[in-house]
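Undergrad: These protein sequence lines map, in sequence, to chains A and B.
Sequential numbering of the first sequence, starting at 1, is according to this note's numbering.
Sequential numbering of the second sequence, starting at 1, is according to this note's numbering.
Glycine included, every Cβ here is placed at the ideal spot set by N, Cα and C.
A quick note: this is a predicted structure, and the numbers were derived from the prediction, not measured.
Number of protein chains: 2
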Amino acid sequence: MSSKDSDGLNRRKMLGALAALPALPALFGAKLAEAQTAAADPLPSWNRTPAKVAILEFIQATTSDPSSAAFVPPEKRVAAFDQDGTLWVEHPMYTQVVYCLDRVPVVVKAKPELADAEPFKTVLSGDVEAIAKLSMHDLEEILAATLTGMDVDDFYDEAKAWIDSAKDRRWNRLYTELVYQPMQEVLSLFRANGFKTYIVTGGGQDFVHVYSDRVYGIPREQVIGTAGGVTYGYDKDGRPFLTKEPKLLLNDNFAGKPEGIHLEIGRRPHAAFGNSTGDQQMLEYTRGGHGLRLSMIVLHDDAKREYAYGPAQGLPDTRVGTFTQALYEEAKKSGWFIISMKNDWKRIFAFE
Amino acid sequence: MSSKDSDGLNRRKMLGALAALPALPALFGAKLAEAQTAAADPLPSWNRTPAKVAILEFIQATTSDPSSAAFVPPEKRVAAFDQDGTLWVEHPMYTQVVYCLDRVPVVVKAKPELADAEPFKTVLSGDVEAIAKLSMHDLEEILAATLTGMDVDDFYDEAKAWIDSAKDRRWNRLYTELVYQPMQEVLSLFRANGFKTYIVTGGGQDFVHVYSDRVYGIPREQVIGTAGGVTYGYDKDGRPFLTKEPKLLLNDNFAGKPEGIHLEIGRRPHAAFGNSTGDQQMLEYTRGGHGLRLSMIVLHDDAKREYAYGPAQGLPDTRVGTFTQALYEEAKKSGWFIISMKNDWKRIFAFE
Numbered sequence: 001m002s003s004k005d006s007d008g009l010n011r012r013k014m015l016g017a018l019a020a021l022p023a024l025p026a027l028f029g030a031k032l033a034e035a036q037t038a039a040a041d042p043l044p045s046w047n048r049t050p051a052k053v054a055i056l057e058f059i060q061a062t063t064s065d066p067s068s069a070a071f072v073p074p075e076k077r078v079a080a081f082d083q084d085g086t087l088w089v090e091h092p093m094y095t096q097v098v099y100c101l102d103r104v105p106v107v108v109k110a111k112p113e114l115a116d117a118e119p120f121k122t123v124l125s126g127d128v129e130a131i132a133k134l135s136m137h138d139l140e141e142i143l144a145a146t147l148t149g150m151d152v153d154d155f156y157d158e159a160k161a162w163i164d165s166a167k168d169r170r171w172n173r174l175y176t177e178l179v180y181q182p183m184q185e186v187l188s189l190f191r192a193n194g195f196k197t198y199i200v201t202g203g204g205q206d207f208v209h210v211y212s213d214r215v216y217g218i219p220r221e222q223v224i225g226t227a228g229g230v231t232y233g234y235d236k237d238g239r240p241f242l243t244k245e246p247k248l249l250l251n252d253n254f255a256g257k258p259e260g261i262h263l264e265i266g267r268r269p270h271a272a273f274g275n276s277t278g279d280q281q282m283l284e285y286t287r288g289g290h291g292l293r294l295s296m297i298v299l300h301d302d303a304k305r306e307y308a309y310g311p312a313q314g315l316p317d318t319r320v321g322t323f324t325q326a327l328y329e330e331a332k333k334s335g336w337f338i339i340s341m342k343n344d345w346k347r348i349f350a351f352e
Numbered sequence: 001m002s003s004k005d006s007d008g009l010n011r012r013k014m015l016g017a018l019a020a021l022p023a024l025p026a027l028f029g030a031k032l033a034e035a036q037t038a039a040a041d042p043l044p045s046w047n048r049t050p051a052k053v054a055i056l057e058f059i060q061a062t063t064s065d066p067s068s069a070a071f072v073p074p075e076k077r078v079a080a081f082d083q084d085g086t087l088w089v090e091h092p093m094y095t096q097v098v099y100c101l102d103r104v105p106v107v108v109k110a111k112p113e114l115a116d117a118e119p120f121k122t123v124l125s126g127d128v129e130a131i132a133k134l135s136m137h138d139l140e141e142i143l144a145a146t147l148t149g150m151d152v153d154d155f156y157d158e159a160k161a162w163i164d165s166a167k168d169r170r171w172n173r174l175y176t177e178l179v180y181q182p183m184q185e186v187l188s189l190f191r192a193n194g195f196k197t198y199i200v201t202g203g204g205q206d207f208v209h210v211y212s213d214r215v216y217g218i219p220r221e222q223v224i225g226t227a228g229g230v231t232y233g234y235d236k237d238g239r240p241f242l243t244k245e246p247k248l249l250l251n252d253n254f255a256g257k258p259e260g261i262h263l264e265i266g267r268r269p270h271a272a273f274g275n276s277t278g279d280q281q282m283l284e285y286t287r288g289g290h291g292l293r294l295s296m297i298v299l300h301d302d303a304k305r306e307y308a309y310g311p312a313q314g315l316p317d318t319r320v321g322t323f324t325q326a327l328y329e330e331a332k333k334s335g336w337f338i339i340s341m342k343n344d345w346k347r348i349f350a351f352e
């Protein structure tokens, strides 16, 4: 005890000496406070706006006090994230569609009769304007031709080779670099608080399998997406494998999102993030559960740093990631939070 | 150092004194060795047979040395388990079918016109022999009538109330007590070594959701089973909910097992356990992957402690959990391990 008292005395002497330097707090106080805030802030790429506060308060309310009505037991902590336009860039075209267009020459090489058949002829022409005008039916035909009919493992290999090398034209970067840093921080924050994070995408489930773990920290088994059937069979050596079939099993858009969530999770999420009309039912379903729920929707209103499209709020209309004014009104009415890329996000990409 | 040396000297003196008691090892040695083995044995309900050794060696080979060819990185560690007849008792009738039969009176109360229609009339008669003779088509009709047409959450509530109270007649115990203790130890062993454990059952996915976490330590999202479609809609207050539909989305039997595994996991398992013809493709698919894979199949050859059925190896034939001689030969040929309940399991139930 005597040694401790002696230390205590020495400490008081030193503190007294420091107190004699009145300039110290003024010199270092502000910097210290800033450093402390940054260290404690799990969402440093967000501005301090209501959207950020809503996320932090939701996490606090659902995880910190087991006696609170808002508390969610760990096994029920599920958070669902749309991908295209919510976790990464979807303009001018969904990344998976770019992959499919890029694969058309390979498919035509194997089936030369397609070279003169539409829509393959248009794709091969390289006429960007004509390609941009392809109908939904044309795109579906291209998707079926380029995403099905092969061994699942071969598809994984091909898609991986593409995603590891293909680059977006505007930024000249890999598509996997075009993930939104603020949303990466949200994924990490949810996981650090015991939530299982799921991708719930209208895109192809198998396509996202290829990079979800590495890019988002989300394992394949937590990816729910549009899924085609597969068929079990044997190769010439009798080894079992699965073939991707042009048969739609789950259309993970609109009502298909809550339906897919039930199929692959079996629980209503407590939080969901989306950005377009295809996410409406998932956001409703999430927010409609008992207890505290969080539904948030990203508005692309930042043409300078990313893209601006709606047509909500007078933004330009688009076929890719449509956010209608009706959806905007629905969000306001239903207590979802609208995330403005322009106002809520301090930084958009990690490479900025 | 001097203090340590002095301790070392004292220890040597004590050991010398103990060595002067030659009877000591004879008195305690055997008991000590036994206690040490039990503490280190993760599969105490298994006899020391090739099946047990195969499991222990598989875990050791796939998880202990990252430089080994058999090593499986943590994110790829997936083990799949059939449920009925592999994790719990399936005779004389699958537990879920008993649930559906028990629910017939409730369904008939809501739809009185069914009381005089087959197969409902037979079920209501209580004639056990006649019920046992119902065709597969009859059973499917009963399953559709009792498992669909309701809110998913209402189904969960009803199934939970049943599983928490209904008892098997032979043991007069809850069905959830009729889980095989040796397999519970296998589930724990795999999880302790970083494997994600999945149920891959021909039974209804939603039914297993109700108790999988509590009974097997397997969360809902790791249950793959036969799944019907659900439809998104709104109740009279505008609250979104899902209705269970009589539309088959995934028949998780035979080739449907690897197909369901791809849909909900996206990876070929490294280990799989089954017990009947419905598991053949899953066991083939698992064993057919590159690197070290483990496929095991339980043979019910213990009429005294549980049930005996095949018809493999001259055991009685059955419609429930059929294990044919052809499957037995396939297992031998393909390097799967056959688990004999009689010889490999020291104990079958935790309550023994």
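Does the segment 303–310 of chain B come within contact of the segment 336–352 of chain B, defined as at least 3 CB pairs closer than 8 Å?
TA: The segment 336–352 of chain B and the segment 303–310 of chain B touch, with three or more beta-carbon pairs separated by less than 8 Å.
Undergrad: Have a look at the DSSP bridge pairing and note the partners of A/I297.
TA: A/G274 and A/I338
Undergrad: With a threshold of 8 Å on Cβ separation, who are the neighbours of B/G213 within its own chain once the five nearest residues in sequence on each side are excluded?
TA: It should be noted that the sequence gives Asp, not Gly, for residue 213 of chain B. Same-chain partners within the cutoff: P219 and R220.
Undergrad: Is the shortest distance between the beta-carbon of A/I348 and the beta-carbons of chain B less than 9 Å?
TA: no
Undergrad: For A/V179, return the contacting residues in chain B, with the cut-off set at a CB-CB distance below 9 Å.
TA: By Cβ distance, chain B contributes nothing, its closest Cβ being about 19 Å from A/V179, past 9 Å.
Undergrad: Are the beta-carbon atoms of A/I423 and A/V186 separated by less than 9 Å?
TA: Outside the displayed range of chain A (1 to 352) lies residue 423 of chain A, so it cannot be described from this structure.
Undergrad: Assuming A/A80 and A/M296 are in contact, meaning their beta carbons sit under 8 Å apart, how far apart are those beta carbons, in whole angstroms?
TA: That pair is no contact at about 11 Å.
Undergrad: B/K76 by DSSP, collapsed to three states: which one?
TA: helix
Undergrad: In chain order, what residues of the same chain have a beta carbon less than 7 Å from the beta carbon of A/V210, not counting five sequence neighbours either side?
TA: Y156, A159, K160 and I163
Undergrad: Do you know offhand how far B/S276's Cα is from B/N172's?
TA: The alpha-carbon separation between B/S276 and B/N172 amounts to approximately 26 Å.
Undergrad: Using a C-beta to C-beta distance shorter than 9 Å, which residues of chain A count as neighbours of B/G288?
TA: Y234, G238, R239, P240 and F241
Undergrad: Output, in sequence order along the chain, the residues in the segment 292–317 of chain A whose CB is closer than 8 Å to any CB in chain B.
TA: none
Undergrad: CB-CB under 6 Å to B/M183, same chain, minus the five flanking residues each way: which ones, in chain order?
TA: L87
Undergrad: Counting only runs that start and end within the segment 105–160 of chain B, where is the beta strand (DSSP E) found for 3 or more residues in a row?
TA: none
Undergrad: Taking B/F323 and B/L292 to be in contact with their CB atoms under 8 Å, please state how far apart those CB atoms are, rounded to whole angstroms.
TA: Not quite, the Cβ-Cβ distance comes to about 25 Å (not below 8 Å), so this is no contact.
Undergrad: Could you pull out every residue in the same chain whose Cβ sits closer than 6 Å to the Cβ of A/F337, ignoring the five residues on either side in sequence?
TA: A51, A54 and M296
Undergrad: So if I threshold CB-CB distances at 7 Å, which residues from the segment 251–274 of chain A count as touching chain B?
TA: A255, P258, E259, H262, L263, E264, I265, G266 and R267
Undergrad: For A/G291, which three-state DSSP category applies?
TA: coil
Undergrad: Spatial neighbours of B/N253 within its chain, please: C-beta separation below 6 Å, excluding the five flanking residues on both sides.
TA: G202 and G278
Undergrad: Count the other CB atoms within 10 Å of the CB of A/E352; is the residue buried (16 or more) or exposed (fewer)?
TA: exposed
Undergrad: Nearest to B/T148 by alpha carbon, out of B/Y234, B/A227 and B/Y285?
TA: B/A227
Undergrad: So, does the segment 225–242 of chain B touch the segment 250–270 of chain B, judging by three or more C-beta pairs under 8 Å?
TA: yes
Undergrad: Kindly list, in the order they appear in chain B, the residues whose Cβ is closer than 8 Å to that of A/R191.
TA: Ordered by position in chain B, no residue passes the 8 Å Cβ test against A/R191, which lies about 15 Å from the chain.
Undergrad: Run through chain A and tell me which residues come within less than 8 Å of B/Q60, C-beta to C-beta.
TA: Under the 8 Å cutoff, chain A gives no residues; its nearest Cβ is about 24 Å from B/Q60.
Undergrad: According to DSSP, is A/D206 helix, strand or coil?
TA: helix
Undergrad: Can you tell me where the alpha helix (DSSP H) holding A/F58 begins and where it ends?
TA: Unbroken alpha helix (DSSP H) run through A/F58: P50 to T63.
Undergrad: Just to confirm, is the Cβ distance from B/L178 to B/V78 under 9 Å?
TA: no
Undergrad: Could you name the residues of chain B that A/Q281 contacts, counting a contact when the two beta carbons are closer than 8 Å?
TA: Here the neighbours are Y232 and P240.
Undergrad: Any chance the segment 133–150 of chain A sits against the segment 240–250 of chain A, with 3 or more Cβ pairs inside 8 Å?
TA: yes
Undergrad: Quick one: complete alpha helix (DSSP H) runs, 4+ long, within the segment 160–217 of chain B?
TA: 181–192, 205–209 and 212–216
Undergrad: Pick helix, strand or coil for B/A227, following the three-state DSSP scheme.
TA: strand
Undergrad: Taking the C-alpha atoms as reference points, what is the distance between A/P316 and A/I131?
TA: 20 Å
Undergrad: Under 9 Å, Cβ to Cβ, is there at least one residue of chain A near B/G335?
TA: no
Undergrad: Please confirm if B/H137 has its CB atom under 9 Å from at least one CB of chain A.
TA: no
Undergrad: Sort B/P119, B/E129 and B/R103 by Cα distance to B/L139 and report the nearest one.
TA: B/P119
Undergrad: Counting only Cβ-Cβ distances shorter than 7 Å, please list the residues of the segment 88–106 of chain B near chain A, keeping chain order.
TA: none
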